[in-house]
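Below is one structure, written out as structure tokens; comments come after it.
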Amino acid sequence: MIEIENLTVTYGGEPVLTEVSAAVGEGELCLVVGPTGSGKSTLLGAVSGRVPHLTGGQVGGNVRVGGRDTRTHQPRDLADVVGVVGQDPQATFVTETVADELAFTMEQLGVAPALMRRRVEEVADLLGLADLRDRALHTLSGGEQQRVAIGAVLTAQPRVLVLDEPTSALDPGAAEDVLAALARLVHDAGVTVLLAEHRLERVVGFADMVISLDGGRAHAGRPAEVFATAPVAPPVVQLGRLAGWQPVPLTVREARRRSAPLRERLGSPVLPTREPGEVVLTAERVRVTYDGFVAVDGIDLDVRAGQVTAVMGRNGAGKSSLLWALAGAQRLAGGRVRGEDQAALVPQSPEDLLYLLTVAAECRTADADAGVEPGTTRGLLDALVPGIDDDANPRDLSEGQRLALAVAIQLARSPQVLLLDEPTRGLDYAAKEHLVVVLEGLADAGRAVVVASHDVEFVAQAADRVVQLADGAVVADGPVRDVLADSALLAPQVAKVLSPQPWLTVGEVSAVLAEEQP
Amino acid sequence: MTTATLTHPLAWWAWAAGVTVAVVRLPAGAATGLILLAVLLVGVACRADSPWAKAFPAAIALGVIIVAVRVGFYLVVGLPDSSPVLWSWPQIDLPGWFTNLSLLGPVHTDGLTSAALTGLSLATLVITFGAVNAIANPRLALRCLPGSLHHLGTAAVIAVSVTPQLITAIARVRRAQSLRGGARRGLRAFTARLVPVLAGALDQALDLAASMDSRGYARVHPGHRAGRRGVTALVVAALVAAVAGTYALLDASAPRGLGLALLVGGAAVGAGASVLASRAVVRTRYRPLLWGVRAWVVAGVGGLALVVALAGHAAGTEPLLLGIVAAAALAVPALTEAT
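Protein sequence lines correspond, in order, to chains P and G.
Using numbering that gives the first Met the number 0, count along the first sequence one by one with no gaps and you end on 517.
Using numbering that gives the first Met the number 0, count along the second sequence one by one with no gaps and you end on 338.
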């Protein structure tokens, strides 16, 4: 269905993809994996025709989709063969209501009205959108919006679906929802799917084929074979590699079946926990409401120094509102926050904080605003992520670098508490691991860190304490091991494989195994 | 509310055309006031529950400002006439080349009423525009464009829907920047907010353009690529002619024949080009809006007001009587159930 032959893409003399070859068969789900900047989006764009028609650049080699060469066909001429779904569904909506959005592609293709009506109904049923047909798009939740975005391209009955990180902005439940819908499309409707994804742990199980990109070069093949050596891999694969299982397990189920000897060898974890310091920030019966909707419903919370606290919960559970309240930047409907003048918040989209044209100018302004020695912010930035060019435009940085810049700016005031709202959005495994190290460093230096996140694997690595929210109230609060290890939905993969022993991360297991070796 | 239960938006625009012609053709006076009342009544009774409905109070405010500015201008630089003087400001004579002009000075009855009434006419037109937008969603109206203007229409739909998004983005960025210590004021605060908002809007526009392209927008039927530019030029020329013709018809001082010829000729060219262009655009409409009984009523009373104003004016009937009839007709949609 998709044939890629010796594809080379160059932007301004810099190769992004070099000699990539792969063939995806009819009805297969092919996963594209790789670190940030490895060319995943470019590869997907080459398949949908956006590269080179919308992006420019030089393209060598051939990409054929359903027999059509994407170099001679504009994206619009491929609309009946390839459906494209992006990261942010809201940015791609053209109309106002669900039914109109589902019909838009068919209107462009000139599908007969009677057939159009039928297909809208069918796709609505297939993706569980039947009850939402007349709703306005902006009133839907993130998971619902993403399902509408998938439905909107499906109504044209494309034979190939190209998805660029469709779950990166969703909480685990909503992401599960979207992936289940995708799996159903592959199994029931025989659609060929090309899927790029950062958080591999949820999708590897569905894949028939994997293209692993590293430095512009590709390794394509069956999942077990590619993941034996791929630079990015989900925790279960890393655990399999560590334990020397052959072939590497891709799902918790496979790993669990082989894990008995490893469990015996590891025993129960005796791991050092950080001693929490004094309370530096307190929320007392905090209530936040928006037009009568209660986002945070009377939460009491103590944030202690020298500790990383993770706030978890599904989208709309009140995580962001609680963080804004803790930062003293949210009007409270009730209760009070003590110590908020010592807190600094990095919001969900760090780019909203940045407005100058160079990194150096941002750093200088932050120094002046905080009234500290010139060079302080730049020093903090270098300690977080070294080597960012002074003259670079903050908007051209990678997600990880931009987050580091926002964190450095907020740290310039030396706050006691650093609050981060969904910091792992768009970060790859390497950047997330780096963030874990950074947060640990801050906690060791006696600062308090609060992270709102629905990324389970990240929280398992970074947090000491987990506060779980539902409907604006705290439903669980305790050490990370107690809250995550026995949770049905929130348990990290390693915990699922090695339960009942409460191991959480590959790092913990590898440290113990490394001690045993000599 | 589902699309199926809505009145056809073009019916509301026909109604607005009736209001416009009645306001422009009838001499400004009590008739204008009556028509304005009818428009306000219909606007309040029928406005929809959409973001556009918020434009209605804004249009009313704009109308008030227009009248105030018009009257204010008369008071400051108005020319004297022969009617009785109401009261006198101290006159300030301008030196040099402004010999004919003086600031303030005597206020005459006729000048003041005429200033207020011309202001009222303009305000009525602005409020009518606001009312129609509040009642009939402009997105739905743009959906009714013919095939040849489909692409233009979709682009316009997106352009109009960007505004609310920008407002949300500004609020979000302002909130985020309040987190970054150091109070910014004046120009610095303005650029600090503008840069992330505009950069974000640009990114979003590129995303949207890519998404629309991948979904087949602007797809041309194979074999119709040639000659498309010519057709587009024809359509644009026809539109310009139609606008100029309409203007000439509404402006009492322009030659009647020229306006009519421009309008008819433009319409003919437009129709021809539209048929040609529609062949190259293959697209269909999902659940098109139906022209129902209510649409006939709404468009009908608009047409009635138009005919009453034109024919009555030509026959020299008493303007107040014409105003009463036109306003009564225009207010009818307020009686039928709300959209």
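For glycine and all other residues, C-beta sits at the position ideal for the given N, C-alpha and C.
Taking 8 Å as the cut-off between beta carbons, none of the residues of the region 0-29 of chain P comes near chain G.
Close to D206/G, with beta-carbon spacing below 8 Å, are these residues of chain P in chain order: G85, D87, A90 and T91. For a Cβ distance threshold of 7 Å, residue set R214, G215, Y216, R218 and R282 of chain G lies close to Q107/P, ordered along the chain.
Secondary structure at R330/P: coil, using DSSP grouped into helix, strand and coil.
By the CB criterion at 7 Å, A30/G and G322/G fall inside the cutoff. Rounded to the nearest angstrom, the Cβ distance from G214/P to S397/P is 15 Å, too far for a contact under 8 Å. For S210/G, at least one C-beta of chain P is nearer than 7 Å to its own C-beta. Interface with chain G (7 Å Cβ-Cβ cutoff): Y428/P is excluded.
When P34/P, A513/P and D296/P are compared, the shortest CA-CA separation from K318/P is found for D296/P. A429/P places its beta carbon less than 7 Å from that of P34/P. Using beta-carbon distances, R412/P counts as an interface residue toward chain G, with a partner under 7 Å.
Secondary structure at V247/P: coil, using DSSP grouped into helix, strand and coil. In its chain, beyond the 5 residues on either side, V251 have a beta carbon closer than 6 Å to the beta carbon of K495/P. Residue state for L160/P is assigned as strand, using DSSP reduced to three classes.
Uninterrupted alpha helix (DSSP H) stretches at least 4 residues long and entirely within the region 163-218 of chain P occur at 171-183, given in chain order. Within the same chain, Cβ atoms closer than 6 Å to the Cβ of L419/P are found at V345 and V450, the five residues on either side in sequence being excluded. With contact defined as three or more Cβ pairs closer than 8 Å, the region 140-155 of chain P and the region 247-265 of chain G are not in contact. Contacts between D340/P and chain G, judged by CB atoms closer than 8 Å, are missing: the closest CB pair is about 10 Å apart. Among the residues of chain G, none has a CB under 7 Å from the CB of S319/P; the nearest is roughly 11 Å distant.
Beyond the five residues adjoining it in sequence on each side, L238/G comes within less than 7 Å, by CB distance, of G269 in the same chain, given in chain order.
Contacts with chain G at 7 Å (Cβ-Cβ) do not include P165/P. By the rule that beta-carbons nearer than 7 Å mark a contact, A328/P touches chain G. In the same chain as L261/P, and ignoring 5 residues on each side of it, the C-beta atoms closer than 6 Å to its own belong to A242, in chain order. The beta carbon of Q400/P sits closer than 7 Å to those of V384 and I387, all from its chain and outside the five residues before and after it, given in chain order. Collapsing the DSSP output to three states places S258/P in coil. If you keep only unbroken alpha helix (DSSP H) runs of at least 4 residues inside the region 392-427 of chain P, you get 398-410. Checking the DSSP bridge columns, you'll see Y289/P partnered with F292/P.
Under the criterion of beta carbons closer than 8 Å, S213/G and R49/P qualify as touching, at roughly 7 Å.
With a threshold of 7 Å between beta carbons, D390/P makes no contact with chain G. Within chain P, the residues Y354 have their CB atoms less than 8 Å from the CB of T190/G, given in chain order. Annotation: H150/G to F128/G spans about 24 Å, alpha carbon to alpha carbon. For R24/G and P8/G, the gap between their C-alpha atoms comes out near 24 Å. The C-alpha of L356/P is placed about 8 Å away from the C-alpha of A391/P. When CB distances to chain P are screened at a threshold of 7 Å, not a single residue of the region 72-105 of chain G falls below it.
Under the three-state reduction of DSSP output, S20/P falls in the strand class. DSSP links D301/P through a beta bridge to T281/P.
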